[in-house]
Structures are given as C-alpha cells and as structure tokens.
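Colleague: Please see the structure below; I have some questions.
Written out as structure tokens, the structure is:
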C-alpha cells in the first residue's frame, strides 16, 4: 500500500486540472464537471472507466445528465496517495483533450 | 409534462425489480446494486446510459467499484411519473438479462 | 423513409469533418480515425453510441486498439440520406471537441 | 511474447463459448454475436472494452446495430496465444452472465 502524499504533493494535486477541492479531513479531493451534453459526459466517463480499471484504482463518482462529480481517495491508506495522483492525471488529460478545464 | 403517478402505480414501481425504496417525501425511488466486478457494473451502466438518453430521462446515479446507486425522479414534475416507470423497466430488463435481482 | 441525398448534399457530407470517402456505388461514406489510446477511442465511440441510438440510426463501425473505422449508409433507402448527415454531424462535433480532424 | 498455442489448446478455445471459428491459416478465431438491442450489445462491448484494456490485449471487433463480430489474434506472435485465451474467457463470462451462448 502506498504512503499518503506529502503536503506539497497534495497541494500540487489540488492545483492541477480540473481544480480539485480538498476535503476537510484532508483525505480526499473532489471536483464537479459540466459537459455539453449527456453523451459528452458519458464519453468522458467511459474513457476514465477504462483508465481507472487499468490502474486498479476507481473513482467515487456520480452523474446527473451533463454533470459529473468525482471524489478521489485511497481507502486502504485512509488518504490520498500516488494512486490518486495517477488517476487525476488521466482525468486532466481527458479534459484537456476536450478543451475543458482551461484556466 | 406528465402527471405524477397514482399511489397504486408508485406501489407497483416500488415492488418491481430491483426493489426500489421510496423516499420519505414520496418524490423519488432509489436502489443500490452490486455487480460481480467493475467491468460488469460498467457494462450495465453503459446499457442504461443509452436507454436513458433515448428516453430523454436520466437517472441520478453514482458508482464506486462494483456498486451502483440509482435514484429516479422527474424534476419537472417534482415527483415520480411515467418517465420513471419507463426507465425503471429498462433497468429491470437489463438486470434480469444478467440474472440479477431475482427474488 | 427519407429520400437519398442530392449530389450537392453528398458532396457537402464528403467534405465535412473527418473527411469521408464516398464508396464506388455512391451509397455510403467511410472514414478511418486514429486516437491517442484505446481509452480515448472508446470514449469517442461511447459518446457516438448514445447519439446514434437517440437518432435511431446506427453506424457500421469497427475498432482495433486506437483505430476506429466508420461507414454510414441508410439501408432502407439503399443510399445516403439526411439520417447519415445527422449522425455525421454528431461525429464531427465529437471529433472537433477533442481537437481531432482539424484541417 | 507468449508462444502460440498447442493444437489441443486451440481446439479447446474453438469449442469454448460462444463457439469460435478458426481462420483458414489457424492464426485467429472469430465469432458473430447477436444481442436483443443496440443498448444490450453496447453494454456487452463496454464490459469487454474494460477487460481488454486491463489485459492489454484488444479484440478486432465490429458492430452494426445489435450484432457484434469479434476476431482474436496476437499480432506480435502471428497467431493465437494465452492472451487470446484470457480475453476469450472474459467474453465467455460476460455472455454467460447474460444467458447468451448456451448450447
């Protein structure tokens, strides 16, 4: 099981696309995304579903129409780890490719 | 916009597969499903995603690994309508085809 | 059943993103797409799958790793119709959003 | 790179669900599947897409409406290998769970 992240790595994660919010207990980050349509949102989720299962690290996520909320945490470590960073990078890449999340 | 369901129709919906729980305010039903794997859960969600968009009626749903939680409601009617019954039927069919939800 | 397209509409379809090739018999158009990864290709296909079923007009398509080949035709009309134009527009939009197919 | 399969292992693969056809050159197997709807077919493909990318071994497959054609081969070995057996097992499991392919 990987160690939890150092504060500087957490800060870097929070600052990365799409702009993650750190939970009060510091053990997870969350983001809310809005897409142009349900089909657009579902294409994004389908891409990340494949990446997540390949990483063997799955998001906690919900969807209503064109909106997707994602929470990342590593349950076995009771906090954020390199696994969350890896999945966050895939999410950032999928959003960037679609032109979303530009600052 | 369709009317909200009669109590007898709500009761029938609640009793249908996969066993829906009526919310306290009577305006929505929810179910929690467990699948054999993330891929199995995702296959189910991908099938329902297509049916939902075709019905133009989308679930509120969340996923963590092999678990899927679904809430059905018709926001524009502030309650349950025939649209929720239609989507519930697609969900029941997809579960039955996979052998899930048998009582 | 819609009529087959006028030659000028076929020409417009062929010129649209992603650059369709008209078959020798003029009854279908095809395109071959390459994505950055299998997950990227699958996200695209998942988005189009939803749009296609909603239009009730499905592509003939194949996939190997990061490559997707698509053929559009309207079988019932033995040729290209407004249905193919509608699906082609969804495909163009999904590719444009990802920055693919720019000329 | 894994060795190609022994003839007895190829025979076992061909006999497994869903009933694979060996190509004339013995380097690949193919199957044609029919589902109850496009959404049903897409749910199956979405499940296998996740399994395939996790195995890092992808099918050659095509889809038209409710039909899916799949070819398995290991290009780097110019023939059938344990990778194809692994993916075939996932396909058999996904079909069995849906009650398809029973003999």
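Residue numbers (the numbering used here), protein chains in the order written: chain A, 1 to 103; chain B, 1001 to 1103; chain C, 2001 to 2103; chain D, 3001 to 3103. The beta carbon of each residue, even a glycine, is placed where N, CA and C say it ideally should be. Only a predicted model underlies this, so the values are computations on that prediction, with no experimental measurement involved.
Going along chain A in order, which residues have a C-beta closer than 7 Å to the C-beta of residue 2070 (chain C)?
Modeller: Sequence index remark: in the third chain, residue 2070 (chain C) carries index 70 (1-based). Those do not exist, as residue 2070 (chain C) stays about 15 Å from chain A at its closest Cβ, beyond 7 Å.
Colleague: Which residues in chain A sit within 7 Å of residue 3050 (chain D), going by Cβ to Cβ distance?
Modeller: Residue mapping note: residue 3050 (chain D) aligns to position 50 of the fourth chain, counting from 1. Ordered by position in chain A, the residues that pass the 7 Å Cβ test against residue 3050 (chain D) are 49, 50 and 53.
Colleague: What residues from chain B crowd round residue 36 (chain A), counting only those whose CB sits closer than 8 Å?
Modeller: Numbered from 1 along the first chain, position 36 holds the residue referred to as residue 36 (chain A). Here the premise fails: no neighbours, minimum Cβ distance about 13 Å.
Colleague: Would you give the residue range spanned by the alpha helix (DSSP H) that residue 1042 (chain B) belongs to?
Modeller: Residue 1042 (chain B) sits at position 42 when you count from the first residue of the second chain. Note, residue 1042 (chain B): alpha helix (DSSP H), 1038-1055.
Colleague: Can the beta-carbon of residue 2014 (chain C) be found less than 9 Å from the beta-carbon of residue 2071 (chain C)?
Modeller: Position 14 of the third chain holds residue 2014 (chain C). Position 71 of the third chain holds residue 2071 (chain C). Their beta carbons are not under 9 Å apart, which means residue 2014 (chain C) does not touch residue 2071 (chain C) by this criterion.
Colleague: Are the C-beta atoms of residue 1062 (chain B) and some chain A residue less than 9 Å apart?
Modeller: Residue 1062 (chain B) sits at position 62 when you count from the first residue of the second chain. Judged by the 9 Å Cβ criterion, residue 1062 (chain B) is in contact with chain A.
Colleague: Which class does residue 1095 (chain B) belong to by DSSP, given the choice of helix, strand or coil?
Modeller: Within the second chain, the letter at position 95 stands for residue 1095 (chain B). Helix, per DSSP.
Colleague: Give me the residue from C:2060, C:2090 and C:2080 with the minimum Cα distance to residue 2003 (chain C).
Modeller: The count along the third chain starts at 1 and reaches residue 2003 (chain C) at position 3. Selected option, being the one with the closest Cα: C:2080.
Colleague: Give the secondary structure of residue 1067 (chain B) by DSSP, where H, G and I count as helix, E and B as strand, and everything else as coil.
Modeller: Counting from 1 along the second chain, the entry for residue 1067 (chain B) is found at position 67. Residue 1067 (chain B) falls in the strand class under three-state DSSP.
Colleague: Under 9 Å Cβ-Cβ, which residues of chain D neighbour residue 2039 (chain C)?
Modeller: Here residue 2039 (chain C) refers to the residue found at position 39 of the third chain. By Cβ distance, chain D contributes 3049 and 3053.
Colleague: Taking all protein chains shown into account, do 16 or more other C-beta atoms lie within 10 angstroms of the C-beta of residue 2043 (chain C), making it buried, or fewer, making it exposed?
Modeller: Counted from its first residue, the third chain places residue 2043 (chain C) at position 43. The residue in question, residue 2043 (chain C), is buried, as its Cβ has 16 or more Cβ neighbours within 10 Å.
Colleague: For residue 3051 (chain D), count neighbouring C-beta atoms within 10 Å of its own C-beta (all shown protein chains included) and say buried if the count is 16 or more, exposed if not.
Modeller: Counted from its first residue, the fourth chain places residue 3051 (chain D) at position 51. The residue is buried, with at least 16 neighbouring Cβ atoms inside 10 Å.
Colleague: Let me see if you follow: with CB-CB separation under 9 Å, is residue 2008 (chain C) close to chain D or not?
Modeller: To locate residue 2008 (chain C), count along the third chain from 1; it is residue 8. It does not: the Cβ of residue 2008 (chain C) has no partner Cβ on chain D nearer than 9 Å.
Colleague: Taking only beta-carbon positions, decide if residue 2065 (chain C) is within less than 9 Å of chain D.
Modeller: Looking up residue 2065 (chain C) in the third chain gives position 65. Yes, because at least one Cβ of chain D sits closer than 9 Å to the Cβ of residue 2065 (chain C).
Colleague: So the candidates are D:3026, D:3066, D:3056 and D:3054; which of them puts its Cα closest to the Cα of residue 3032 (chain D)?
Modeller: Numbered from its first residue, the fourth chain carries residue 3032 (chain D) at position 32. Closest option to residue 3032 (chain D), Cα to Cα, is D:3066.
Colleague: Please go through the same chain and pick out, in chain order, the residues whose beta-carbon is closer than 7 Å to the beta-carbon of residue 3017 (chain D), but skip the five residues on each side of it.
Modeller: One-based indexing of the fourth chain puts residue 3017 (chain D) at position 17. Once the five neighbours on either side are set aside, the close Cβ partners of residue 3017 (chain D) are 3092, 3095, 3096 and 3101.
Colleague: I need the straight-line Cα distance from residue 3027 (chain D) to residue 41 (chain A), nearest angstrom please.
Modeller: If you number the fourth chain from 1, residue 3027 (chain D) lands on position 27. If you number the first chain from 1, residue 41 (chain A) lands on position 41. Straight-line Cα distance between these residues: approximately 39 Å.
Colleague: Can you tell which of D:3086, D:3034, D:3008 and D:3046 has the C-alpha that lies nearest to the C-alpha of residue 1039 (chain B)?
Modeller: Here residue 1039 (chain B) is taken as the residue at index 39 of the second chain, counted from 1. Minimum Cα distance to residue 1039 (chain B) is reached at D:3046.
Colleague: To the nearest angstrom, how far is it from the Cα of residue 2035 (chain C) to the Cα of residue 55 (chain A)?
Modeller: Counting from one through the third chain, the residue named residue 2035 (chain C) turns up at place 35. Counting from one through the first chain, the residue named residue 55 (chain A) turns up at place 55. Spanning the two alpha carbons is a distance of roughly 20 Å.
Colleague: Looking at the secondary structure, which residues open and close the alpha helix (DSSP H) in which residue 1013 (chain B) lies?
Modeller: What you label residue 1013 (chain B) is simply residue 13 of the second chain in a count that begins at 1. Element bounds for residue 1013 (chain B): 1007-1015.
Colleague: Which chain B residues are close to residue 3094 (chain D), counting only those with a beta carbon under 9 Å from its beta carbon?
Modeller: The residue you call residue 3094 (chain D) lines up with position 94 of the fourth chain. Under the 9 Å cutoff, chain B gives 1039, 1040 and 1043.
Colleague: At a CB-CB cut-off below 8 Å, which residues of chain A make contact with residue 2097 (chain C)?
Modeller: Along the third chain, one-based indexing puts residue 2097 (chain C) at 97. 36, 40, 98 and 99, listed in chain order.
Colleague: Going by the CB atoms, is the gap between residue 2048 (chain C) and residue 2098 (chain C) shorter than 9 Å?
Modeller: Within the third chain, the letter at position 98 stands for residue 2098 (chain C). Within the third chain, the letter at position 48 stands for residue 2048 (chain C). No. Outside cutoff.
Colleague: My output table needs one value for residue 2087 (chain C): the three-state DSSP class, helix, strand or coil.
Modeller: On the third chain, residue 2087 (chain C) is found 87 positions in, with the first residue counted as 1. In the structure shown, residue 2087 (chain C) sits in a helix (DSSP, three-state: H, G or I).
Colleague: What residue range does the beta strand (DSSP E) around residue 3033 (chain D) cover?
Modeller: The residue labelled residue 3033 (chain D) in the question sits at position 33 within the fourth chain. Looking at the DSSP string, the run of the beta strand (DSSP E) that includes residue 3033 (chain D) is 3029-3034.
Colleague: Assuming the contact rule is C-beta atoms closer than 8 Å, residue 1087 (chain B) and residue 1059 (chain B) should be a hit. Round their C-beta distance to whole Å, please.
Modeller: The residue labelled residue 1087 (chain B) in the question sits at position 87 within the second chain. The residue labelled residue 1059 (chain B) in the question sits at position 59 within the second chain. Yes, residue 1087 (chain B) and residue 1059 (chain B) are in contact; Cβ-Cβ is about 6 Å, under 8 Å.
Colleague: Using a Cβ-Cβ distance under 9 Å, would residue 2046 (chain C) count as near chain D?
Modeller: Your numbering for residue 2046 (chain C) matches position 46 in the third chain. Output row for residue 2046 (chain C): interface = yes.
Colleague: Does any CB atom of chain A fall closer than 9 Å to the CB of residue 1002 (chain B)?
Modeller: The residue you call residue 1002 (chain B) lines up with position 2 of the second chain. Interface with chain A (9 Å Cβ-Cβ cutoff): residue 1002 (chain B) is excluded.
Colleague: Rounded to whole angstroms, what's the CA-CA distance from residue 1006 (chain B) to residue 1062 (chain B)? Just pull it up for me.
Modeller: Translated into positions along the second chain, residue 1006 (chain B) becomes position 6. Translated into positions along the second chain, residue 1062 (chain B) becomes position 62. It is roughly 28 Å from the alpha-carbon of residue 1006 (chain B) to the alpha-carbon of residue 1062 (chain B).
Colleague: Contact criterion: CB-CB distance below 9 Å. Does residue 1017 (chain B) meet it with respect to chain D?
Modeller: The sequence position of residue 1017 (chain B) within the second chain is 17, counting from 1. So, not an interface residue.
Colleague: Per DSSP, residue 72 (chain A) forms a beta bridge with which residues?
Modeller: Here residue 72 (chain A) corresponds to residue number 72 of the first chain, with the count starting at 1. Answer is A:29, bridged to residue 72 (chain A).
Colleague: In whole angstroms, what separates the C-alpha of residue 37 (chain A) from that of residue 1057 (chain B)?
Modeller: Here residue 37 (chain A) refers to the residue found at position 37 when the first chain is read from its first residue. Here residue 1057 (chain B) refers to the residue found at position 57 when the second chain is read from its first residue. Looking at the two C-alpha atoms, the distance is approximately 13 Å.
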